[in-house]
Amino acid sequence: MNELLRELDEMPLSLLETEAQGLHATLGGPTLFHLQGRREPALFISVLMHGNETGGWDAIRTVLRSFVQGERLELPRSLSLFVGNTAAAEQNVRHLPDQPDFNRVWPGSETRGTEAHALMRQVMDRMADLEVFASVDVHNNTGLNPHYACVNVLEHQSLHLAALFGRTVVYFVRPRGVASMAMAALGPSVTLECGKVGQRHGVEHATDYLRACLHLSEIPNHPVPSHDIELYHTVAVVRVPPEHEFSFGTGDAPIRFPRDLDAMNFRDLPVGTLIADCNAGLPQPLDVRDERDRQVAERYFVIEEGRLITQVPLMPSMLTCDPTVIRQDCLCYLMERYNDHLADAG
Ligand SMILES: [Zn+2]
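Quick note on our numbering: the sequence shown kicks off at 4 and runs consecutively.
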């Protein structure tokens, strides 16, 4: 029964000195803190949806430390802070083997039936009762990516909240069941991708951003000017089917990715860009799904003389050289530029 929600109206200040790995021993499981501030409604921040992505926890505890006066927290706005997969954080993994991915089980998910699904429903119901100023879910990733924010609806306030983090903004509607997609029903909502774990710049960027969000009195309701934002739309997710072995650099696996594959993230890749060397006779080795889950690998990739290459102009994100992430999540996403759609935002 580890995954039942704990709710606390106070945070012991000693918790701010606790590393992500130590939270489970102290909290005992996923915990939603409601911390009173001068303005209502509360800003909702979620961290550690993925247990090994510790940047969000390190950022918010730095922010909270800066608001300690005497023995009390003096916040400019109320904060509901959801500390997610503490058990996975203790093991420094994305999720435990017997758990689903905590950022795929929020209401709207395509799966159901686990304790984690019930937990996220509980968090949502609670926040719906309390009302939400805005919602920020903080992540790290493993490849070489710029810092960027994601939105799941094309709506002016969410786009403003995203552009406050940086120029690069990604709009996606798949995968389903992510926190920012569910929380978008309650108010402006973003996911932050703050680069690799352990990079100080990522924590500092998130710290500045979360502090700024707590100070915001309102979020603009007019369109974000096109010159303030580089908006991308995720059109497909790329996976390596489990039956295909792969390696990076040299090696004798049937699929051999370049060692610096992730250097292609957020780059415009021309037709013919090498994605992998493949054994002769290997059929299309990638599983590529569009937003409606249709297999579209043939549209994007082709094998020519043992080389897997792009056959339309592409821009990937989240390419990673971490085999565990590729197996647990995906190889990358494919994106298209989307600034033309800013005018359609609601
Ligand atoms: Zn994550």
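Glycine residues also receive a C-beta, built at the ideal position from the N, C-alpha and C atoms.
Problem - Inter-residue Cα distance where the pair is residue 136 and residue 208 - result: Your numbering for residue 136 matches position 133 in the sequence shown. Your numbering for residue 208 matches position 205 in the sequence shown. Using only the alpha carbons, I get a separation of about 21 Å.
Practice task
Select from 227, 263 and 22 the residue whose C-alpha is nearest the C-alpha of residue 54.
Solution key: Working through the sequence shown from its first residue, we reach residue 54 at position 51. Relative to residue 54, the option among 227, 263 and 22 whose CA is nearest is 22.
Practice task
Could you name the residues of the same chain whose beta carbon sits closer than 8 Å to that of residue 334, not counting the 5 residues immediately before and after it, in chain order?
Solution key: For the purposes of this step, residue 334 is taken as the residue at position 331 of the sequence shown. Around residue 334: 241, 242, 243, 289, 322 and 323.
Exercise for the section: Would you tell me roughly how many angstroms separate the C-alpha atoms of residue 109 and residue 337, rounded to the nearest one? Expected result: To locate residue 109, count along the sequence shown from 1; it is residue 106. To locate residue 337, count along the sequence shown from 1; it is residue 334. Whole-angstrom Cα-Cα distance: 23 Å.
Handout entry: Close beta carbons around residue 344, own chain, < 6 Å, minus the five adjacent residues each side
Key = In the sequence shown, the residue the question calls residue 344 occupies position 341. Only residues of its own chain outside the window of five on either side were considered, and among them none has a CB closer than 6 Å to the CB of residue 344.
Exercise for the section: Buried or exposed for residue 291, please, with buried defined as at least 16 other CB atoms from any protein chain shown within 10 angstroms of its CB. Expected result: Looking up residue 291 in the sequence shown gives position 288. With 16 or more other Cβ atoms from the protein chains shown falling within 10 Å of its own Cβ, residue 291 counts as buried.
Practice task
Answer with buried or exposed for residue 33, where buried requires no fewer than 16 other C-beta atoms within 10 angstroms of its C-beta.
Solution key: Sequence index remark: in the sequence shown, residue 33 carries index 30 (1-based). Per the 10 Å Cβ criterion, buried.
Practice task
Could you pull the start and end residues of the beta strand (DSSP E) that residue 223 belongs to?
Solution key: Taking the sequence shown and counting its residues from 1, one reaches residue 223 at position 220. No beta strand (DSSP E) holds residue 223; DSSP gives it neither H nor E.
Problem - Contact test: residue 248 Cβ vs ligand 1 heavy atom, cutoff 7 Å - result: Position 245 of the sequence shown, counting from 1, holds the residue named residue 248. Distances between the C-beta of residue 248 and the heavy atoms of ligand 1 are all 7 Å or more.
Exercise for the section: Could you check how far apart the C-beta atoms of residue 129 and residue 189 are, in whole angstroms? I think they sit under 8 Å. Expected result: As a working mapping, residue 129 is identified with position 126 in the sequence shown. As a working mapping, residue 189 is identified with position 186 in the sequence shown. Contact between residue 129 and residue 189 does not hold, since their C-beta atoms are separated by about 11 Å, which reaches or exceeds 8 Å.
Exercise for the section: Report the residue from 61, 62, 13 and 282 whose alpha carbon sits nearest the alpha carbon of residue 74. Expected result: The count along the sequence shown starts at 1 and reaches residue 74 at position 71. Nearest to residue 74 by C-alpha distance, out of 61, 62, 13 and 282, is 13.
Problem - Residues near ligand 1, criterion Cβ-heavy atom distance below 5 Å - result: Chain-ordered, the residues whose CB falls short of 5 Å from any heavy atom of ligand 1 come out as 53, 56 and 142.
Problem - Contacting residues, own chain, Cβ-Cβ under 8 Å from residue 170 (five flanking each side not counted) - result: Counted from its first residue, the sequence shown places residue 170 at position 167. Result list for residue 170: 231, 232 and 233, in chain order.
Practice task
Tell me residue 319's beta-bridge partners as DSSP assigns them.
Solution key: Along the sequence shown, one-based indexing puts residue 319 at 316. Answer is 337, bridged to residue 319.
Exercise for the section: Use the C-beta contact count for residue 49: other C-beta atoms within 10 angstroms, 16 or more gives buried, fewer gives exposed. Expected result: In the sequence shown, the residue the question calls residue 49 occupies position 46. Label assigned to residue 49: buried.
Handout entry: Under 8 Å between C-beta atoms of residue 257 and residue 285
Key = Translated into the one-based positions of the sequence shown, residue 257 becomes position 254. Translated into the one-based positions of the sequence shown, residue 285 becomes position 282. Cβ atoms of residue 257 and residue 285: closer than 8 Å.
Practice task
Kindly confirm or deny that the stretch 103-118 and the stretch 176-189 touch, where touching means at least three C-beta pairs closer than 8 Å.
Solution key: In this structure the stretch 103-118 lies against the stretch 176-189, because at least three pairs of beta carbons, one per stretch, are closer than 8 Å.
Handout entry: Extent of the continuous alpha helix (DSSP H) to which residue 329 belongs
Key = To locate residue 329, count along the sequence shown from 1; it is residue 326. Boundaries of the alpha helix (DSSP H) around residue 329: 326-331.
Exercise for the section: Following the continuous beta strand (DSSP E) through residue 137, name the residue where it begins and the one where it ends. Expected result: In the sequence shown, residue 137 corresponds to position 134, counting from 1. Taken as a continuous stretch (DSSP letters only), the beta strand (DSSP E) holding residue 137 covers 135-142.
Handout entry: residue 217 versus residue 77 - alpha carbon distance
Key = Taking the first residue of the sequence shown as position 1, residue 217 is located at position 214. Taking the first residue of the sequence shown as position 1, residue 77 is located at position 74. Near 11 Å, if we compare the C-alpha coordinates of residue 77 and residue 217.
Exercise for the section: Rounded to whole angstroms, what's the CA-CA distance from residue 4 to residue 340? Just pull it up for me. Expected result: Against the sequence shown, residue 4 aligns to sequence position 1. Against the sequence shown, residue 340 aligns to sequence position 337. Confidence in residue 4 is poor, its pLDDT being 42 and thus under 50, which makes the residue's placement unreliable; the coordinate value appears in the next sentence. Approximately 44 Å, taken between the alpha carbons.
Problem - Continuous alpha helix (DSSP H) assignments of at least 4 residues falling wholly in the stretch 229-276 - result: Complete alpha helix (DSSP H) runs here, min 4: none at all.
Problem - Opposing strand residues paired with residue 72 [DSSP bridges] - result: What you label residue 72 is simply residue 69 of the sequence shown in a count that begins at 1. Residue pairing from DSSP places residue 72 in a beta bridge opposite 75.
Exercise for the section: Would you mind working out which of 37, 82 and 303 sits nearest residue 319, comparing C-alpha positions? Expected result: Stepping through the sequence shown from its first residue, residue 319 is reached at position 316. When each option's Cα is compared against that of residue 319, the closest is 303.
Exercise for the section: Tell me residue 37's beta-bridge partners as DSSP assigns them. Expected result: Position 34 of the sequence shown, counted from the first residue, corresponds to residue 37. DSSP, once it has assigned bridges, lists 83 as partnering residue 37.
Handout entry: Member of 307, 313 and 93 whose CA lies at the smallest distance from the CA of residue 300
Key = Here residue 300 is taken as the residue at index 297 of the sequence shown, counted from 1. Checking every option, the nearest Cα to that of residue 300 belongs to 313.
Exercise for the section: Would you mind sorting residue 406 into buried or exposed? The rule is 16 or more other CB atoms within 10 Å of its CB. Expected result: Residue numbering for the chain in the displayed model covers 4 to 349; residue 406 lies beyond these limits and cannot be assessed.
Exercise for the section: Tell me where the beta strand (DSSP E) around residue 154 begins and ends. Expected result: Here the question's residue 154 lines up with position 151 in the sequence shown. If you look at residue 154, you'll find it in the beta strand (DSSP E) that goes 151-154.
Practice task
Could you spell out the range, first to last residue, of the alpha helix (DSSP H) harbouring residue 210?
Solution key: Start at 1 with the first residue of the sequence shown, and residue 210 comes out as number 207. Taken as a continuous stretch (DSSP letters only), the alpha helix (DSSP H) holding residue 210 covers 203-218.
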